[in-house]
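Peer 1: Just so we're aligned: the sequence shown equals residues 2 to 255 in the working numbering.
Glycine included, every Cβ here is placed at the ideal spot set by N, Cα and C.
Computed from a prediction, not measured in an experiment: that's the story for all the values here.
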Amino acid sequence: MVELNGKVCIITGAAMGMGAATAELFAKAGGKVVIADFNVEMGQKQTQKIIDAGGTAAFVKVDVSKADEVEAMVKFAVDTYGGLDVAINNAARTPDDKPLADMEESDYDSLMAVDLKGVALCLKYELRQMVKQGRGGSIVNTSSVSGIRPQPSTPVYIAAKHGVIGLTKSAAMDYSGQGIRINTVAPGAIDTPMLRGALEQFNLNPDSYAKQLSMLGRFAQASEVAEANLWLASDLSSYVTGATISVDGGYTAM
C-alpha cells in the first residue's frame, strides 16, 4: 500500500466517479482529504462515507471556474488541516457534441470555464500555498485521452484537455525549483456516470464501444485511475514531473 502519511490532499470533482474513488483511496492511504465539489449533497455523502470507513475527510463547495471560490477552497484546506501537500485537479464537464461549425459560443464558454480555466485557477492558488509553505508538493491534473488523440464532434472538450497537458508542462517547468511536481493523468474509457451519460448522449452501445476504446476490451474502473493519482501524489514518484500518464488500456497506442 502506498502511504500518504498525513498529507493534506485537495481533490476537485470528488463527489462521484474518478474523484470519489481517488478520495477514498487517498483516505485509506492515510491522507487528510478535502472533497471539493459543486454538488453539495453528493459531496457531503462522499465525505461521510470516508469518515464512516475510518478516514479523515472534509467537504467544501466550489465552482472551479470562479477564482474567489477556488481561493477559498485552498484556504479551507489550510484552515482545516494546516497546509496543502497534494492536489488532484479533476473537476470537469461532460464533452460537447457538435462539430465546430455548429458550436454554440455559450457551450464553448461554459465548458472551457470548468475544464481548462478551472484547472488554471486551481493551479494558481494551490501553487501559491505550496510555494509559501516551502516544502514542495505534488499536483496532478486530470486530462483525457482526448487531450492526446482527437475524437469526432467534441472540439471544445478536446481543446480544453489538450490545454490541460500544456498547463501542466508549463507549471512543471516554472515550479520544479521549489520542489513542486506537476503531472497529468489522461484517463481513457472509465466507467463513470460522466462516461455513461456521454455514451447515451451520442447513442453508443457501451458493450460494443468498449472494445473500440481499449486493447483490453473493457472500460476501466474509477479505482484504476485513483491508483495512478495515488502513485503520482506519493513520494514513490519523486523523480516524475511534467509527465502525462495514460490510463487507457492502450487506447492511445492503438
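For residue 112, which option in 85, 8, 165, 139 has the closest C-alpha, if you only look at C-alpha atoms?
Peer 2: Out of 85, 8, 165, 139, 165 has the C-alpha closest to the C-alpha of residue 112.
Peer 1: Just reading off the beta strand (DSSP E) that residue 206 is part of, what are its end residues?
Peer 2: Looking at the DSSP string, residue 206 is not in any beta strand (DSSP E), and its letter there is neither H nor E.
Peer 1: Check whether the Cβ atoms of residue 13 and residue 92 lie closer than 8 Å to each other.
Peer 2: The answer is yes: Cβ separation under 8 Å.
Peer 1: To the nearest angstrom, how far is it from the Cα of residue 116 to the Cα of residue 54?
Peer 2: Their backbone Cα atoms lie some 31 Å apart in a straight line.
Peer 1: Mind checking whether residue 109 and residue 157 have CB atoms under 8 Å apart?
Peer 2: Yes, they are a contact pair.
Peer 1: From 74, 138, 18, 127, pick the residue whose C-alpha is nearest to that of residue 179; which is it?
Peer 2: Out of 74, 138, 18, 127, 138 has the C-alpha closest to the C-alpha of residue 179.
Peer 1: Compare the beta carbon distance of residue 161 and residue 127 with 8 Å and say whether it is the shorter of the two.
Peer 2: Not closer than 8 Å, so no.
Peer 1: Just to check my reading of the structure: residue 189 and residue 215 have Cβ atoms closer than 8 Å, yes? What is that Cβ distance to the nearest angstrom?
Peer 2: Indeed they touch by this definition, with Cβ atoms about 6 Å apart.
Peer 1: Which residue comes first and which comes last in the alpha helix (DSSP H) that contains residue 132?
Peer 2: Unbroken alpha helix (DSSP H) run through residue 132: 118 to 134.
Peer 1: Do the stretch 170 to 177 and the stretch 218 to 228 meet, that is, are 3 or more Cβ pairs less than 8 Å apart?
Peer 2: Counting Cβ pairs under 8 Å, fewer than three are found: no touch.
Peer 1: With a CB to CB cut of under 7 Å and the five nearest residues on each side skipped, what residues in its chain are close to residue 145?
Peer 2: Once the five neighbours on either side are set aside, the close Cβ partners of residue 145 are 162, 187, 188.
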